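Enquirer:
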Amino acid sequence: MDKDIIIRLEREEDYRENENLIRESFWNVYCPG
Numbered sequence: 052m053d054k055d056i057i058i059r060l061e062r063e064e065d066y067r068e069n070e071n072l073i074r075e076s077f078w079n080v081y082c083p084g
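Numbering (my numbering), first residue to last: 52 to 84.
#1: Below 8 Å on the Cβ atoms is my contact criterion, and I expect residue 61 with residue 69 to pass it. Report the Cβ-Cβ distance as a whole number of Å.
#2: Which stretch, first to last residue, makes up the alpha helix (DSSP H) that contains residue 69?
#3: Reducing DSSP to helix, strand and coil, say where residue 63 ends up.
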């Protein structure tokens with residue numbers, strides 16, 4: 052189980068995917084505003 056993990060800065064093309072990931076992960080505590 053030897054996997055390489057690369058940590059990098061977020062790029063503009065990542066924004067939408069990351070927003071959706073966070074919203075889905077915390078759906079029970081997320082509220083707009």
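For glycine and all other residues, C-beta sits at the position ideal for the given N, C-alpha and C. No experiment lies behind these values; they were computed from the predicted model shown.
Expert: In brief:
#1: 6 Å between Cβ atoms; contact.
#2: 66 to 76
#3: helix
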